[in-house]
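**Q** Residue numbers (this note's numbering): 11 to 618. Glycine included, C-beta positions come from ideal geometry on N, C-alpha and C. All figures in this text were calculated on a predicted structure; none of them were measured in a lab.
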Amino acid sequence: MAENTGKDPKTTKTPGQNRLRLRVGLGFVLALLLIISGKLFMIQGLDAGSMAEAAVMQRTVVTKLPATRGEILDATGKVLAQSIIRYNITVSPKNNTTAGELKTGEFKRLNPATGKVEDVSRDKGLQELADVLGLKVEDVRKQATGTGDFAYITKDVTPGVEAKVMALGLPGIYSEPTSRRTYPLGAVGGSIVGFIGPDSSGAATGGGSGIEQTLNAKLQGTDGSRTYQRGANGIVIPTAPEENKAAVDGETVKLTINSDLQYYAQQAISNQVKKLGAQWGNIVVVQAKTGKVVAMAEDSSVDPNQPGKTAAANRGARSVTAAIEPGSTEKTVTAAAAIQEGKVSPLSHVLVPPTYTVNGQTFSDAFTHGTEQRTFAGIIGDSMNTGTVMVGERLSKQQRYDYLHNFGIGQSTGIPLPGENKGILAPPETWDGRQEFTVLFGQGVSQTPLQTAMIYQAIANNGVRLQPQLIDSYIDPDGTEHKVEQAPGTEVVSPQTAGDVKDLLESVVTAADAKDISVPGYRVGGKTGTAEAVKDDGSGFQGYTASFVGMAPMEDPQYVVLVTVQRPQGDIYGISQAPVFNSVMSQVLHANNVPPSTTPSVALPQKY
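1. Given this structure, state the Cα-to-Cα distance separating Ala64 from Thr168, to the nearest angstrom.
2. Which of the three DSSP states is assigned to Asp129 in this structure?
3. Threshold first: 3 residues or longer. Then list the beta strand (DSSP E) segments lying entirely within the region 113-178, N to C.
4. So Glu252 and Tyr238 are supposed to be a Cβ contact under 8 Å. How far apart are they, rounded?
5. Going by CA-CA distance only, name the one from Pro487, Leu178 and Ile163 that's closest to Val258.
6. Kindly indicate which residue of Ala197, Lys617, Tyr413 and Gly553 has the alpha-carbon position closest to the one of Ala522.
7. Helix, strand or coil for Lys432, going by three-state DSSP, please let me know.
8. Checking 9 Å against the spacing of the C-beta atoms, do Ile419 and Val455 come in under that value?
9. List in chain order: all unbroken beta strand (DSSP E) runs of 3+ residues lying wholly within the region 549-585.
10. Jot down the residue ranges of each uninterrupted alpha helix (DSSP H) in the region 419-469, minimum 4 residues, whole runs only, in chain order.
11. I'd like the span of the beta strand (DSSP E) that includes Asp488, first residue to last.
12. Between the Cα of Ala323 and the Cα atoms of Ser219, Lys134, Arg384 and Thr300, which residue gives the shortest distance?
13. Restricting to Cα atoms, I'd like to know which of Glu81, Val101 and Ile99 is closest to Gln92.
14. Assuming Ser593 is part of the alpha helix (DSSP H), what are its boundary residues?
15. May I have the straight-line CA-CA distance separating Ser549 from Val575, to the nearest angstrom?
16. Excluding the 5 residues preceding and the 5 following Lys165 in the sequence, name in chain order all residues of the same chain whose CB lies nearer than 6 Å to its CB.
17. If you reduce the DSSP assignment to three classes, tell me which class Tyr184 lands in.
18. Would you call Arg36 buried or exposed, if buried means 16 or more other Cβ atoms sit within 10 Å of its Cβ?
19. Using 9 Å as the threshold, is the C-beta distance between Ser235 and Asn254 below it?
20. Please classify Phe558 as buried or exposed, where buried requires at least 16 other C-beta atoms within 10 Å of its C-beta.
21. Hey, quick one: how far does the beta strand (DSSP E) through Phe373 stretch, first residue to last?
22. I need the DSSP call for Lys7, collapsed to helix, strand or coil.
23. Taking a contact to mean a Cβ-Cβ separation below 9 Å, would you say Phe551 touches Phe447 in this structure?
24. What number of angstroms, rounded off, separates the C-alpha of Thr103 from the C-alpha of Tyr184?
25. Determine the direct distance from the alpha carbon of Pro194 to that of Asp412, and round the result to whole angstroms.
26. Opposite Glu501 in the DSSP bridges: which residues?
27. From Gly380 to Pro364, what distance separates their C-alpha atoms?
28. How long is the line joining the alpha carbons of Leu75 and Lys174, rounded to whole angstroms?
29. Specify the secondary structure class of Asp482 as computed by DSSP and reduced to three states.
30. Cβ of Val368 within 9 Å of Cβ of Leu414?
31. For Ser201, tell me which candidate among Ala275, Ser311 and Ile585 has the shortest Cα-Cα distance.
32. Are the beta-carbon atoms of Ala307 and Val294 separated by less than 9 Å?
33. Beta carbon of Ala541, beta carbon of Tyr554: below 9 Å?
34. Going straight from the alpha carbon of Pro589 to that of Glu430, what length do you get?
35. Identify, in the order they occur along the chain, each residue of the same chain with its Cβ nearer than 7 Å to the Cβ of Ala197, setting aside the five sequence neighbours on each side.
36. Can you tell me whether DSSP reads Asn395 as helix, strand or coil?
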C-alpha cells in the first residue's frame with residue numbers, strides 16, 4: 011500500500027523544475043543589475059558633463075546689480091531728478107546659525123590677501139559684519155540667530171558698504187538692491203519732469219508721467235549681475251569662481267527749462283489763478299530763434315516726491331494736453347495770411363459797420379460802435395471781429411485752413427511729453443456757414459497753449475516756425491554730452507510779412523487796447539485773447555478763456571511769453587493778464603541779459 015505524504019502530486023515540483031525557477035530568478039536579477047550598471051555608466055561616463063552642469067546650476071546664485079537711473083537736469087545743470095542706489099542687508103538665520111561647519115562654530119573663507127582658505131569663527135564673522143555696518147554685534151547676532159529663513163540685518167546701505175559686506179563671505183548673509191528716486195527741486199517743473207511709478211520704471215503701466223515716462227528707455231540703463239556659488243547649507247563656496255557683470259547706468263537728460271524762470275513763472279500763474287478764482291492757468295516761455303522752451307509753468311504743478319498729494323487731473327502739463335479755443339490771439343494768423351496773400355496791408359482802409367453780416371451770419375464786437383474808418387492795424391489793435399471777418403473773407407476757405415495748418419494747428423508739435431493734444435482743425439469742406447468765418451478769430455478751432463506760443467514764435471522768427479525744443483542734450487554715463495540739434499524750420503510767411511505783423515502787434519500795445527502791457531526799457535508787442543470755454547464733456551460752453559501772448563524786444567524779438575487763464579471769475583472784459591505778462595517777460599529778459607531797446611517804438615495809426 012502506498013504511503014500518503016499529504017502533498018498534491020500536481021503541485022509537487024521536481025528537482026528539474028526547481029532548477030528552472032532558480033535560473034529564471036537569477037536571470038532577472040542579472041538583467042536588473044545590467045540595467046542599473048548601464049544607467050550608472052551613462053550618468054558617470056557619457057552624461058557626466060550634464061550632471062555636473064546641473065549640480066553647478068543648482069548651487070549658482072545670480073544677484074542683480076542695479077543700474078543707476080540717469081539724472082534729469084535743467085538748462086544750467088541743476089538736478090531736477092536723480093536716483094540713489096541702496097541695498098538692504100538680509101540674513102537667512104537658519105543658514106547662519108546651523109549651516110555646515112557652523113555646527114562646529116566655524117566656516118571657511120578665502121583670504122584674498124593670501125589666496126588660501128581659512129577657518130573663521132561665527133563670532134568673528136558677526137563682529138566683522140557689525141563693524142562694517144556700524145551696528146552693535148549683539149543686535150546683529152539676534153537678527154542672524156534662529157530657525158527662520160529671512161530677516162533684515164539693516165536697510166538702505168550704500169553700494170560701497172554692500173560690497174564690503176558681501177566680501178566677508180558670511181553664511182546666510184545676502185543683499186537686496188533698491189533704488190530711490192528723488193526730486194531736489196520738488197514741484198519746480200514737476201509737470202514736465204514727471205515721476206516714476208511703483209514698479210520703479212517710467213512705463214505708463216507703472217504710473218509714470220512726464221519726461222520720466224517718455225524717455226524711460228534712455229534713463230533706465232541696463233542692470234548688471236553678480237554670479238557666485240553656495241552650498242545647500244547657504245555658505246558661499248570660497249574657491250568657486252565669481253563673475254561680476256557691471257551695470258550700465260542710464261543716460262542723463264538735460265532740458266531746455268531754466269529752473270529759476272520756471273519757479274518764477276509757476277509762482278506768477280499760481281497767484282493769478284487764485285486772484286481770479288480761475289479753474290487753472292499756465293505760462294509758456296519760448297526762445298524765438300531756437301524754439302527752446304525755457305519755462306512751461308502750471309498753476310498746480312505736481313511735486314514728484316509726493317505725486318499722490320496732487321489730483322491726477324493736475325499732474326500733467328496742460329500747456330500740451332489741453333486744447334482750447336484761443337480766441338482773438340488767432341487773429342494774428344488771419345493778419346499774416348491776408349498780408350502774405352496781398353489782400354491787405356497794415357494801413358489798408360476798411361469801413362467797419364456796427365455789425366457785419368455775410369452769408370446770413372452776423373458778427374459784432376465786444377464793444378458798441380458806429381460805422382468806423384479803420385486801418386487794418388486799428389482792426390487788429392482793438393480786436394474787432396467785424397473787421398477781421400471783412401478782411402478774412404477775401405481768403406478762400408482752403409487758404410484759411412492752410413495757414414492755420416501751416417502755423418501748426420491740428421498737428422503734433424513733437425514735444426516729448428505724454429498726452430499731447432494736437433488740437434482740432436476740421437477740414438474746410440466740413441465747416442458750416444458760421445465756422446468758416448469764426449476760425450478767422452479763433453473760434454471753431456482748438457489748440458494747446460504751446461501751439462499758440464509757437465504761432466508767435468514763427469512771427470518773431472521772421473516767419474519761420476520751429477518745433478518746440480524741450481531736450482537740450484543727452485549725457486552718457488562717462489560724461490560725453492550729445493547736443494540735440496534743432497530740426498529745420500518751416501517758412502510759413504515771408505520775413506516782410508512777419509515784419510508787418512510785428513508792427514501790428516506792437517501797435518496793439520502802443521496805440522490800441524493793450525496799453526497796460528509795459529516792460530520798462532523794452533519794445534513789446536502782443537495780442538489779447540478771449541474765447542468761450544468748451545465744457546469738459548464737450549456738451550457746450552461754460553465760462554471763458556483769457557490770454558495774452560507777446561514778444562520782446564520788437565526790433566529783434568528774443569522771447570515769446572504766453573499767459574493763459576481758464577474760466578476766471580468776474581467780468582471777462584475787465585480781466586487783464588498784463589501784470590503777469592509784464593512781470594514774467596521782464597524777468598526773462600533780464601535773466602538772459604537781453605539788451606534794452608535803442609530804437610523807437612512803432613505805433614501805427616488806428617483810423618484814417
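**A** Quick look at the numbers:
1. For the purposes of this step, residue 64 is identified with residue 54 of the sequence shown, where counting begins at 1. For the purposes of this step, residue 168 is identified with residue 158 of the sequence shown, where counting begins at 1. At Ala64, the pLDDT of 49 sits below 50, so the modelled position is not reliable; the number obtained from the coordinates is stated separately. Roughly 35 Å between the two C-alpha positions.
2. Walking along the sequence shown from the start, residue 129 turns up at place 119. Strand.
3. 116-121, 126-131 and 161-167
4. The residue labelled residue 252 in the question sits at position 242 within the sequence shown. The residue labelled residue 238 in the question sits at position 228 within the sequence shown. Right, the Cβ-Cβ distance comes to about 5 Å (below 8 Å), so this counts as a contact.
5. Taking the sequence shown and counting its residues from 1, one reaches residue 258 at position 248. Out of Pro487, Leu178 and Ile163, Pro487 has the C-alpha closest to the C-alpha of Val258.
6. Along the sequence shown, read from residue 1 onward, the residue named residue 522 stands at position 512. If we check each option's Cα against that of Ala522, Lys617 comes out closest.
7. For the purposes of this step, residue 432 is taken as residue 422 along the sequence shown, with counting starting at 1. In the structure shown, Lys432 sits in coil (DSSP, three-state: anything other than H, G, I, E or B).
8. Against the sequence shown, residue 419 aligns to sequence position 409. Against the sequence shown, residue 455 aligns to sequence position 445. Note that the C-beta distance between Ile419 and Val455 is below 9 Å.
9. 551-562 and 569-576
10. The qualifying runs are 445-448.
11. Within the sequence shown, numbered from 1, the residue matching residue 488 stands at position 478. Neither: Asp488 is in no beta strand (DSSP E) and is coded neither H nor E.
12. The residue labelled residue 323 in the question sits at position 313 within the sequence shown. The shortest Cα separation from Ala323 among Ser219, Lys134, Arg384 and Thr300 belongs to Ser219.
13. Locating residue 92 in the sequence shown gives position 82, where the first residue counts as 1. Answer by Cα proximity: Glu81.
14. Working through the sequence shown from its first residue, we reach residue 593 at position 583. Where Ser593 is concerned, the enclosing alpha helix (DSSP H) stretches over Ala588 to Ala601.
15. Residue mapping note: residue 549 aligns to position 539 of the sequence shown, counting from 1. Residue mapping note: residue 575 aligns to position 565 of the sequence shown, counting from 1. Within the model, the alpha-carbon separation for Ser549 versus Val575 is close to 21 Å.
16. Along the sequence shown, read from residue 1 onward, the residue named residue 165 stands at position 155. Contacts found: Asn98.
17. As a first step, residue 184 is located in the sequence shown; it is residue number 174 there, counting from the start. Strand, per DSSP.
18. Sequence index remark: in the sequence shown, residue 36 carries index 26 (1-based). Going by the sequence as given, residue 36 is Leu instead of Arg. When all chains shown are included, Leu36 counts as exposed.
19. Translated into positions along the sequence shown, residue 235 becomes position 225. Translated into positions along the sequence shown, residue 254 becomes position 244. For Ser235 and Asn254, yes; Cβs fall inside 9 Å.
20. Taking the sequence shown and counting its residues from 1, the one referred to as residue 558 is at position 548. When all chains shown are included, Phe558 counts as buried.
21. Taking the sequence shown and counting its residues from 1, the one referred to as residue 373 is at position 363. Phe373 -> beta strand (DSSP E) spans Gln371 to Phe373.
22. Past the boundaries of the shown model lies residue 7; the chain is included only from 11 to 618, so the question cannot be answered.
23. Your numbering for residue 551 matches position 541 in the sequence shown. Your numbering for residue 447 matches position 437 in the sequence shown. In this structure, Phe447 does not lie closer than 9 Å to Phe551 by Cβ.
24. The residue labelled residue 103 in the question sits at position 93 within the sequence shown. The residue labelled residue 184 in the question sits at position 174 within the sequence shown. Note on residue identity: the sequence assigns Pro, not Thr, to residue 103. Roughly 11 Å separates the two Cα atoms.
25. Indexing the sequence shown from 1 puts residue 412 at position 402. Indexing the sequence shown from 1 puts residue 194 at position 184. Going from the Cα of Asp412 to the Cα of Pro194 covers about 45 Å.
26. As a first step, residue 501 must be located in the sequence shown, where it is residue number 491. Answer by DSSP bridge pairing, in chain order: Val474.
27. Looking up residue 380 in the sequence shown gives position 370. Looking up residue 364 in the sequence shown gives position 354. Cα-Cα distance, rounded: 5 Å.
28. What you label residue 75 is simply residue 65 of the sequence shown in a count that begins at 1. What you label residue 174 is simply residue 164 of the sequence shown in a count that begins at 1. Cα to Cα, the separation comes out at about 15 Å.
29. Here residue 482 refers to the residue found at position 472 of the sequence shown. Of the three classes helix, strand and coil, the one that applies to Asp482 here is strand, per DSSP.
30. For the purposes of this step, residue 368 is taken as the residue at position 358 of the sequence shown. For the purposes of this step, residue 414 is taken as the residue at position 404 of the sequence shown. Not a contact, by the Cβ cut-off of 9 Å.
31. Within the sequence shown, numbered from 1, the residue matching residue 201 stands at position 191. If we check each option's Cα against that of Ser201, Ser311 comes out closest.
32. Taking the sequence shown and counting its residues from 1, the one referred to as residue 307 is at position 297. Taking the sequence shown and counting its residues from 1, the one referred to as residue 294 is at position 284. Contact flag set, yes.
33. In the sequence shown, residue 541 corresponds to position 531, counting from 1. In the sequence shown, residue 554 corresponds to position 544, counting from 1. Yes, the Cβ-Cβ distance between Ala541 and Tyr554 is below 9 Å.
34. As a position in the sequence shown, residue 589 is number 579, starting the count at 1. As a position in the sequence shown, residue 430 is number 420, starting the count at 1. Approximately 29 Å, taken between the alpha carbons.
35. Sequence index remark: in the sequence shown, residue 197 carries index 187 (1-based). Excluding positions up to five away in sequence, the list reads Ser311, Val312 and Asp313.
36. Residue mapping note: residue 395 aligns to position 385 of the sequence shown, counting from 1. If DSSP states are grouped into helix, strand and coil, Asn395 belongs with the helices.
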